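Participant:
Protein chains in written order, with the working numbering: chain A, 11 to 427; chain B, 808 to 1367.
1) Against chain A, with Cβ distances strictly below 7 Å, would residue 1005/B count as a contact?
2) For residue 957/B, I'd like the list of residues in its chain whose CB is within less than 7 Å of its CB, leaving aside the five on either flank, ordered along the chain.
3) Locate the alpha helix (DSSP H) running through residue 1036/B, then write down its first and last residues.
4) Please confirm if residue 1219/B has its CB atom under 7 Å from at least one CB of chain A.
5) Starting from residue 957/B, trace the beta strand (DSSP E) both ways and give me its first and last residue.
6) What does residue 1252/B reach in chain A if we use C-beta pairs closer than 9 Å?
7) Pick from 921/B, 1159/B, 1295/B: whose alpha carbon is nearest that of residue 1119/B?
8) Please go through the stretch 1065-1123 of chain B and give each complete beta strand (DSSP E) segment of 3 or more residues, from N-terminal end onward.
9) For residue 45/A, which residues does DSSP report across the bridge?
10) With respect to the alpha helix (DSSP H) encompassing residue 442/A, which residues constitute its N-terminal and C-terminal limits?
11) Kindly indicate which residue of 856/B, 1154/B, 1274/B has the alpha-carbon position closest to the one of residue 1239/B.
12) Who are the Cβ neighbours of residue 1247/B in its own chain at under 7 Å, not counting the five residues just before and after it?
13) Does the beta carbon of residue 40/A fall short of 6 Å from some heavy atom of the ligand NAP?
14) Could you check the C-alpha separation between residue 817/B and residue 247/A for me, to the nearest Å?
15) Report the rounded CA-to-CA distance for residue 863/B versus residue 879/B, giving the unit in angstroms.
16) Comparing the C-beta of residue 832/B with each C-beta of chain A, is any distance below 7 Å?
17) Whole angstroms is fine: what's the gap from residue 895/B's alpha carbon to residue 381/A's?
18) Note down, in chain order, each residue of its chain lying with its Cβ closer than 6 Å to the Cβ of residue 151/A, except the 5 sequence neighbours on either side.
19) Under a three-way DSSP split, which group does residue 1233/B fall into?
20) Within a Cβ cutoff of 7 Å, which residues of the same chain sit near residue 1242/B, ignoring the five residues on either side of it in sequence?
21) So, is residue 1074/B buried or exposed, given that buried needs 16 or more other C-beta atoms within 10 angstroms?
22) Take the Cβ of residue 1082/B as the centre, count every other Cβ of all protein chains shown within 10 Å, and call the residue buried at 16 or more, exposed below.
23) So within the stretch 814-847 of chain B, which uninterrupted alpha helix (DSSP H) runs reach at least 4 residues, ignoring any that extend past its ends?
24) Give me the residue from 1218/B, 924/B, 1052/B with the minimum Cα distance to residue 187/A.
25) If you reduce the DSSP assignment to three classes, tell me which class residue 895/B lands in.
26) How far does the alpha helix (DSSP H) with residue 117/A in it extend, from its first residue to its last?
27) Please classify residue 912/B as buried or exposed, where buried requires at least 16 other C-beta atoms within 10 Å of its C-beta.
28) For residue 1274/B, which residues in chain A fall below 7 Å Cβ to Cβ?
29) Tell me which residue opens and which closes the beta strand (DSSP E) that residue 247/A is part of.
30) Tell me which residues share the same chain as residue 1096/B and place their Cβ nearer than 8 Å to its Cβ, disregarding the 5 neighbours each side in the sequence.
31) Output the distance between the C-alpha atoms of residue 1340/B and residue 1295/B, rounded to the nearest integer angstrom.
32) With H, G and I counted as helix, E and B as strand and the rest as coil, what does DSSP make of residue 984/B?
33) Going by DSSP, name the residue or residues bridged to residue 279/A.
34) Any chance the stretch 206-223 of chain A sits against the stretch 98-110 of chain A, with 3 or more Cβ pairs inside 8 Å?
35) According to DSSP, is residue 1167/B helix, strand or coil?
36) Check residue 921/B in the structure and name its three-state DSSP category.
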């Protein structure tokens, strides 16, 4: 097998990089172990939510104050702006309108009733919920385990929001005894199901100015199911971010996948990249697991978007060392494993910021600063110098670095989709 | 101050020993109140590997202990089968192990009344397919698994049904004395935030590793040695029954399958305080590497967590020589001892029980209450060996039973915790019983024990608490639980577990935006000394005889 560029990984960075490279005319192949942080995230676009523990109000401005080795700085402000602009256009074209701009952060309602700072919000999560925005009904669907209206409402009340909890009955359906968020979201895709669902939802939220619901309002029809249900319920519906798998993330993943298919990008999913072949310092092929043998994909360029430790791009060893799993790139480890994590779970964990160090062109470097392979680039969570969870920077880093890589590997202006 | 409560006997300590004492008293018709600083089973009784001893671990050098174990093993199977997994055990001989030891082992078992069955290597591997191909020989013994929380709950429920009381979150803080007698025990009601007096005729100190602290409050010296044992929890069972190394007991020589996991044990290190339960990474590595000699796949397996417990080792005052500070501890008591402080210290109405192990908790209680009853003039004989505990009619616990129940009733949708098959109904009932701390729900229901380490069940359970109780800071409760679950994880976070930890962090800090508010945890609030990994001198061992042998010797703990 052969491709101009092999993209390893299908999380927020790998997907964006693959689409942008394909849009620029490169022949791309995606090799991915499985789903990434589209499915594990909050379903919004974080650029920079917190800095030094403090909430960031103006993410672009704050990003300029990040250390020079931070991936956002390496990619540059122009790439970050361009990446976000591109994302808004790409998502809107796929039926996933987003609200927001990189100049200021917004609040995303979570299932715990906290208001997390983020930059771009999908339309179903975008209606403002804040102290003074009137009565908010937090409504769960009967029997749905991954949301508690009581807990969410209690959290919102501590944030000063006038919130009450309620439950809406589900129409009779096939999964009455056991269902997940995905099954419920698929049911909501159905017009008839929504028609039967809407009256109970409206009744549960009666008297409120806005209803907060778990993020399960449709999965395969973009934001159409949410918009229709909102119209039928007669009030704004706000999807609260809840535990994985993220339904908004699944919508986005589906949009990326459709776009890649339309662009003729081949992908290999569920069979992880396990190594590379090289000639001198140039990587010539990516080796990946196949059903019964190792597959070899020859290529000119490799974009590693395989994630950090959480994404399985880096293995944390018992002796405190770290190993990059695809190309064996150098990663700075720790004296021993007790340094991997902090002593408070909700504090910070050094492992979360571990990654591959790169130069200004996102090429992995030796400790000396010289590139390891001239034709390997790293993007997203794999990069050293940032903790996407603690900073709330995951999608911003993904889009900025994917954009930068697309520029570097396809210097011609990238056409708008 | 007028005593808020009057009783005949105050039992201090809510571990298995204290609760067994309470039940024994209840069955003899004596009024009693048990006080515990945290919840039942939060000390050593909840921090051990879950081995129902056959006694075979003691058969070579401590046949008195071995006989106690096999007797109680038989008794517990009769009175508390629902807390027992009847899985048997093997002692396996590896290359390099002393074959003479095997011979002495078989003879010791025989002399102690423990049946053994010699198995060829092939037969041993047929029973335990993951055993190392290097195993040369094995002996089957009637070891088992026992759920100490189940045992505690059953004994406590029985005692309460018979009129005794259990006060958790009531640490003892002092005593009122009149001459040579204690007239009342002072406790701090942590919920109400105030001290209370419990007037009493007698006091039983069943605080296990903390017995010395209770002694100090009462003005009697009890010299306890804190013997820390580190255990490692693997993400699956690996073995069908208990697997022991057939050699002189040492670190990492036992694998106990328990519910959905396996527990590797253990170290034996003398530490300054029973509250030192920190786990050093080197201990974890040693457990894993040593146990992997018996079951090789453990070597590359997923470690869920590690924890330590404090053995309640008693140092008699009159130990013959060599019992100096931190030195030779070979004189440490190896079975249990009843201390009557009237004859020993001139304190007329207090008894202490020290040493022992979980398997013999009922026997310990019997010995203590026999002595106490004699002093009280109570003539009722002990009936704890014959009266079955509530729940006994369920028969032995079978690991597959909960899953079979979920499949039979099609209650997947009711599961709060998929790893441990905890249902909404169970959580709701526990909340209705007053358990609103997620940690207490965990101990009662095993919520959050599985491979995901509470990623999904923690906040589901927090949601259910919010649904049932309007009051309270639910997010703070969730944060407390998450931090408590995180304790000691530094030693076990690598590989898949590191990935899990970061994914969980991405949920709670990333998606939910919870941040470390620096709220003190329960232990800190109770003034427990902070401990750090690496504390405790690993060279200060608690006597060779006790290394490993004292594994199950985890008796009760409670608090003061």
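Glycine included, every Cβ here is placed at the ideal spot set by N, Cα and C.
Treat the numbers as computed from the prediction; the structure is a model and nothing was measured.
Facilitator: Reading from the atomic positions:
1) Counted from its first residue, the second chain places residue 1005/B at position 198. Residue-level contact check: residue 1005/B does not touch chain A, since none of the beta carbons of chain A fall below 7 Å from its beta carbon.
2) Sequence index remark: in the second chain, residue 957/B carries index 150 (1-based). Result list for residue 957/B: 889, 890, in chain order.
3) In the second chain, counting from the first residue as 1, residue 1036/B sits at position 229. Per DSSP, residue 1036/B lies in no alpha helix (DSSP H); the unbroken beta strand (DSSP E) holding it starts and ends at 1031-1041.
4) Along the second chain, one-based indexing puts residue 1219/B at 412. Chain A, which has a Cβ nearer than 7 Å to the Cβ of residue 1219/B, makes this yes.
5) Here residue 957/B refers to the residue found at position 150 of the second chain. From DSSP, residue 957/B is part of no beta strand (DSSP E) but of the alpha helix (DSSP H) over 955-968.
6) The sequence position of residue 1252/B within the second chain is 445, counting from 1. Here the premise fails: no neighbours, minimum Cβ distance about 16 Å.
7) In the second chain, the residue the question calls residue 1119/B occupies position 312. Out of 921/B, 1159/B, 1295/B, 1159/B has the C-alpha closest to the C-alpha of residue 1119/B.
8) Counting only runs of 3 or more, we get 1068-1072, 1076-1078, 1110-1121.
9) Counting from 1 along the first chain, the entry for residue 45/A is found at position 35. According to the DSSP secondary-structure assignment, residue 45/A is paired through a beta bridge with no residue.
10) Since the displayed chain A opens at 11 and closes at 427, residue 442/A lies outside it and no answer follows.
11) In the second chain, the residue the question calls residue 1239/B occupies position 432. Ranking 856/B, 1154/B, 1274/B by Cα distance to residue 1239/B puts 1274/B first.
12) The residue labelled residue 1247/B in the question sits at position 440 within the second chain. Only 846 meet the Cβ criterion.
13) What this structure holds is no ligand at all, so the ligand NAP is not there to describe.
14) In the second chain, counting from the first residue as 1, residue 817/B sits at position 10. In the first chain, counting from the first residue as 1, residue 247/A sits at position 237. Their backbone Cα atoms lie some 58 Å apart in a straight line.
15) As a first step, residue 863/B must be located in the second chain, where it is residue number 56. As a first step, residue 879/B must be located in the second chain, where it is residue number 72. Take the alpha-carbon of residue 863/B and the one of residue 879/B: they are about 13 Å apart.
16) For this step, residue 832/B is matched to residue 25 along the second chain. The Cβ of residue 832/B sits no closer than 7 Å to any Cβ of chain A.
17) Indexing the second chain from 1 puts residue 895/B at position 88. Indexing the first chain from 1 puts residue 381/A at position 371. Each residue's alpha carbon lies about 59 Å from the other.
18) For the purposes of this step, residue 151/A is identified with residue 141 of the first chain, where counting begins at 1. Closer than 6 Å at the Cβ level, and outside the excluded window around residue 151/A, lie 178, 180.
19) Locating residue 1233/B in the second chain gives position 426, counting from the first residue. Looking at residue 1233/B - three-state DSSP - the assignment turns out to be helix.
20) Stepping through the second chain from its first residue, residue 1242/B is reached at position 435. 1248, 1251, listed in sequence order.
21) The residue you call residue 1074/B lines up with position 267 of the second chain. Residue 1074/B should be labelled buried.
22) The count along the second chain starts at 1 and reaches residue 1082/B at position 275. It counts as buried.
23) Within the stretch 814-847 of chain B, the complete alpha helix (DSSP H) runs of at least 4 residues are 823-834.
24) Here residue 187/A refers to the residue found at position 177 when the first chain is read from its first residue. Among 1218/B, 924/B, 1052/B, the Cα nearest to that of residue 187/A belongs to 1218/B.
25) In the second chain, counting from the first residue as 1, residue 895/B sits at position 88. Secondary structure of residue 895/B (DSSP, three-state): coil.
26) Here residue 117/A refers to the residue found at position 107 of the first chain. Per DSSP, residue 117/A belongs to no alpha helix (DSSP H); it is in the beta strand (DSSP E), 116-119.
27) By one-based count along the second chain, residue 912/B stands at place 105. Counting Cβ neighbours within 10 Å, residue 912/B comes out buried, since at least 16 surround it.
28) To locate residue 1274/B, count along the second chain from 1; it is residue 467. Here the neighbours are 158, 160.
29) Here the question's residue 247/A lines up with position 237 in the first chain. Residue 247/A -> beta strand (DSSP E) spans 247-250.
30) Walking along the second chain from the start, residue 1096/B turns up at place 289. Excluding the 5 residues flanking it on each side, residue 1096/B has same chain C-beta neighbours closer than 8 Å at 1059, 1106, in chain order.
31) Taking the first residue of the second chain as 1, we reach residue 1340/B at position 533. Taking the first residue of the second chain as 1, we reach residue 1295/B at position 488. The pLDDT assigned to residue 1340/B is 29, lower than 50, so where the model puts this residue is not dependable; a value taken from the coordinates is nonetheless given after this. Rounded to the nearest angstrom, the two C-alpha atoms are 8 Å apart.
32) In the second chain, residue 984/B corresponds to position 177, counting from 1. In the three-state reduction of the DSSP assignment, residue 984/B falls in the strand class, which pools E and B.
33) Here residue 279/A refers to the residue found at position 269 of the first chain. Looking at the DSSP assignment, residue 279/A forms a beta bridge with 42/A.
34) Per the Cβ contact rule, the stretch 206-223 of chain A is not in contact with the stretch 98-110 of chain A (fewer than 3 Cβ pairs under 8 Å).
35) Stepping through the second chain from its first residue, residue 1167/B is reached at position 360. DSSP, reduced to helix, strand and coil, places residue 1167/B within a helical segment of the structure shown.
36) Numbered from 1 along the second chain, position 114 holds the residue referred to as residue 921/B. It is coil, neither helix nor strand.
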